[in-house]
Amino acid sequence: MGITKICCIGAGYVGGPTMAVIAQKCPHIQVTVVDLNTERIAAWNDADLSNIPIYEPGLDSIVGEARGRNLFFSTDVDKAIEEAQIIFISVNTPTKTYGKGKGMAADLKYIELCARQIARVAKDNKIVVEKSTLPVRTAEAIKSILDNTGNGVQFQILSNPEFLAEGTAVQDLLNPDRILIGGDATFEGQKAIQSLVDVYSNWVDTDKILTTNVWSSELSKLTANAFLAQRISSINAMSALCEKTGADVNEVAKAIGMDSRIGSKFLKASVGFGGSCFQKDILNLVYIAKSYGLNEVADYWEQVIIMNDHQKRRFSNKIVQTLYNTVSDKKIAFLGWAFKKDTNDTRESAAIYVADDLINEHANIAVYDPKVSSEKILNDLNYLETRSSVANASSITSFLDPYEACKNAHAIAILTEWDEFQNYDWQKIYNAMQKPAFIFDGRNLLNGAALREIGFVYQNIGS
Ligand code: UDX
Ligand code: UDX
Ligand code: ADP
Numbered sequence: 002m003g004i005t006k007i008c009c010i011g012a013g014y015v016g017g018p019t020m021a022v023i024a025q026k027c028p029h030i031q032v033t034v035v036d037l038n039t040e041r042i043a044a045w046n047d048a049d050l051s052n053i054p055i056y057e058p059g060l061d062s063i064v065g066e067a068r069g070r071n072l073f074f075s076t077d078v079d080k081a082i083e084e085a086q087i088i089f090i091s092v093n094t095p096t097k098t099y100g101k102g103k104g105m106a107a108d109l110k111y112i113e114l115c116a117r118q119i120a121r122v123a124k125d126n127k128i129v130v131e132k133s134t135l136p137v138r139t140a141e142a143i144k145s146i147l148d149n150t151g152n153g154v155q156f157q158i159l160s161n162p163e164f165l166a167e168g169t170a171v172q173d174l175l176n177p178d179r180i181l182i183g184g185d186a187t188f189e190g191q192k193a194i195q196s197l198v199d200v201y202s203n204w205v206d207t208d209k210i211l212t213t214n215v216w217s218s219e220l221s222k223l224t225a226n227a228f229l230a231q232r233i234s235s236i237n238a239m240s241a242l243c244e245k246t247g248a249d250v251n252e253v254a255k256a257i258g259m260d261s262r263i264g265s266k267f268l269k270a271s272v273g274f275g276g277s278c279f280q281k282d283i284l285n286l287v288y289i290a291k292s293y294g295l296n297e298v299a300d301y302w303e304q305v306i307i308m309n310d311h312q313k314r315r316f317s318n319k320i321v322q323t324l325y326n327t328v329s330d331k332k333i334a335f336l337g338w339a340f341k342k343d344t345n346d347t348r349e350s351a352a353i354y355v356a357d358d359l360i361n362e363h364a365n366i367a368v369y370d371p372k373v374s375s376e377k378i379l380n381d382l383n384y385l386e387t388r389s390s391v392a393n394a395s396s397i398t399s400f401l402d403p404y405e406a407c408k409n410a411h412a413i414a415i416l417t418e419w420d421e422f423q424n425y426d427w428q429k430i431y432n433a434m435q436k437p438a439f440i441f442d443g444r445n446l447l448n449g450a451a452l453r454e455i456g457f458v459y460q461n462i463g464s
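Sequential numbering of the sequence shown, starting at 2, is according to the numbering used here.
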């Protein structure tokens, strides 16, 4: 059976861009993205494409091309489920904030609600695809809910993890390194896998489409994120040693990256990794390993998180120490709040934790980020529940102009590697700051020699 209708539950960072690209590349398939969040759906439907809820380079034009043709955004979840032959589940799976596995395990509440809704609504056979990153063996739980509807509907569950990175989502979707599809070894399972392979092969070479069993697929996603995060923690650990020994972490990274067994990508020392995936997936991996009694495996991966937390704290400590051991009532300007450049996403951004530490030291934080709103910045801090929202609001201010954010500041901290920071008039910024004027470059982004020439005291990560 050729697929003509797809639905995706969850119009977030994964579901939105992924479905937009499927719709663009498969004009013969009707793609409907549904979400409970009416505001989010309204934003996806906004006539002004600059208002779609997710900022990703190139996404607006893809949505503009496909929307209304074969790409639809709706809050009518039941109708979309009923009509579709393939249903992607792309809802959020945050770390649990309560009960057993609190702070470690993934919260599968939203996934289970989706499965129950599909079970209730579906009248004919469906392929259900896990798109969200999930603990290994989640497919089994989904299957058990779906297989007990009693109305004779047959479901095939596939795991099809998404490897896109934010900020490059469109490019990653258009030219993926691989597409991974896990399914059952049964005839029906293989048929379901083939249906999904046929969708992707509209634009991806079939030799880049891997098919595995469900468990391998689920575990590969957690493993990929754990390995990527581990590289960052490894280079960040070396950055601390470089600062003590006189080695330069950029030189070390280059030297080891030329070993083809190591490779040069993902070796940038930083103030620490953020984003919605790395920490959550590793905590989840640690929890799974522990639950099978594999304590050494759990401890091994937990070190990646411990190192990352250390790196963030090391950065805030360095600011306090360098500013004569007190930042009380000093203005510290943050350039960047997003967890990386070219995204408005701030989940788990290092900036949040560095700001929290500095506010504990009674600093006043002034933030400029080209894409993040002041409401979001305040919400991120409030979410930590370190202090009242009133106290947060009086300690942090957002600016629409970077020069205003830096005016009269004692120090500037670079938290996100936005390109535009490199092109600022740094002499002008220097002139308007308190002296000595400090820059703490948490992304090794700026030209330290040029800044020192102007008169800044410039410190970066790992040299
Ligand atoms: C990640 C994975 O890359 C992606 O494959 C998966 O699907 C989701 O999780 P994402 O979190 O969007 O993607 O961004 P990524 O580019 O991986 O960066 C994550 C964090 O690591 C960012 O805070 C980034 O600044 C940091 N980072 C990345 C470094 O500090 N150094 C590096 O060398 C690379
Ligand atoms: C290593 C480094 O590779 C080399 O660059 C350095 O100069 C010296 O140390 P060597 O110890 O000779 O070289 O062999 P290598 O091929 O790295 O293997 C080391 C061990 O790791 C072996 O026991 C090998 O069996 C094992 N290994 C290697 C694995 O278990 N899995 C792998 O994927 C690779
Ligand atoms: P991700 O980064 O994994 O895409 P997001 O939080 O950006 O995560 O998006 C997940 C979306 O899923 C949210 O917009 C949320 O409203 C939506 N969602 C969660 N549960 C359901 C549900 N049962 N039905 C429809 N949408 C849901």
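Even glycine gets a Cβ: it sits at the ideal position worked out from N, Cα and C.
Heavy atom of ligand 1 less than 7 Å from the Cβ of residue i, yes or no?
i           : result
residue 316 : no
residue 264 : no
residue 255 : no
residue 164 : yes
residue 229 : yes
residue 309 : no
residue 158 : no
residue 188 : no
residue 335 : no
residue 268 : yes
residue 113 : no
residue 176 : no
residue 225 : yes
residue 133 : no
residue 341 : yes
residue 91  : no
residue 422 : no
Identify the residues that DSSP records as bridge partners of residue i: which are they?
i           : result
residue 131 : 90 and 160
residue 31  : 6
residue 80  : DSSP, once it has assigned bridges, lists no residue as partnering residue 80.
residue 211 : 181
residue 460 : 441
residue 447 : DSSP output for residue 447 lists no bridge partner at all.
residue 316 : DSSP lists no partner for residue 316.
residue 323 : DSSP lists no partner for residue 323.
residue 68  : 72
residue 107 : 96
Which one of the options has the shortest CA to CA distance from residue i?
i           : options               : result
residue 324 : 349, 304 and 362      : 362
residue 172 : 388, 24 and 18        : 18
residue 283 : 306, 266 and 462      : 306
residue 95  : 276, 175 and 32       : 276
residue 151 : 124, 163 and 157      : 124
residue 48  : 65, 56 and 424        : 65
residue 402 : 318, 371, 211 and 7   : 371
residue 271 : 304, 235 and 260      : 235
residue 137 : 180, 292, 104 and 12  : 292
residue 395 : 26, 156, 356 and 248  : 356
residue 263 : 278, 242 and 229      : 229
residue 289 : 102, 98, 52 and 6     : 102
residue 327 : 393, 411, 304 and 202 : 411
Shorter than 7 Å, the distance from the beta carbon of residue i to the closest heavy atom of ligand 3, or not?
i           : result
residue 390 : no
residue 294 : no
residue 277 : yes
residue 46  : no
residue 435 : no
residue 12  : yes
residue 407 : no
residue 52  : no
residue 78  : yes
residue 173 : no
residue 16  : yes
residue 118 : yes
residue 41  : yes
Cβ of residue i less than 8 Å from any chain B Cβ?
i          : result
residue 97 : Chain labels in this structure do not include chain B; a single protein chain is all it has.
Task: Whole alpha helix (DSSP H) elements within the stretch 141–191, 4-residue minimum - done: Counting only unbroken stretches of 4 or more residues, the alpha helix (DSSP H) elements lying wholly within the stretch 141–191 are 170–175, in sequence order.
- [ ] Kindly confirm or deny that the stretch 309–323 and the stretch 162–170 touch, where touching means at least three C-beta pairs closer than 8 Å.
- [x] Per the Cβ contact rule, the stretch 309–323 is not in contact with the stretch 162–170 (fewer than 3 Cβ pairs under 8 Å).
Task: Residue ranges of each alpha helix (DSSP H) within the stretch 214–279, 4 or longer - done: You should have 215–246 and 250–258.
Open item on the list: Taking 8 Å as the cut-off, does the stretch 82–94 touch the stretch 16–32 (at least 3 CB pairs, one atom from each stretch)?
Closed with: Touching, yes, given that three or more Cβ pairs across the two stretches are closer than 8 Å.
TODO: Would you list, in sequence order, the uninterrupted alpha helix (DSSP H) runs of no fewer than 4 residues that lie entirely inside the stretch 328–355?
DONE: Within the stretch 328–355, no complete alpha helix (DSSP H) run reaches 4 residues.
TODO: Count the CB pairs spanning the stretch 184–196 and the stretch 208–219 that are closer than 8 Å, and state whether there are at least three.
DONE: The stretch 184–196 vs the stretch 208–219: in contact.
Task: Contiguous alpha helix (DSSP H) assignments of at least 4 residues, all confined to the stretch 365–432 - done: Counting whole runs of 4 or more residues, the stretch 365–432 contains the alpha helix (DSSP H) stretches 375–385, 390–396, 403–407 and 427–432.
- [ ] Would you be able to state if there are at least three C-beta pairs under 8 Å between the stretch 110–123 and the stretch 71–89?
- [x] Yes, the stretch 71–89 is in contact with the stretch 110–123.
Open item on the list: I want to know whether the stretch 326–345 touches the stretch 382–392 - three or more CB-CB distances under 8 Å.
Closed with: Output reads no: the stretch 382–392 does not touch the stretch 326–345.
- [ ] Count the C-beta pairs between the stretch 52–59 and the stretch 23–36 that are closer than 8 Å, then say yes if the count reaches three, no if not.
- [x] These segments do not touch.
- [ ] Could you say if the stretch 243–261 and the stretch 129–147 meet the contact criterion of at least three C-beta pairs nearer than 8 Å?
- [x] In short, these stretches do not touch, since the Cβ pair count stays below three.
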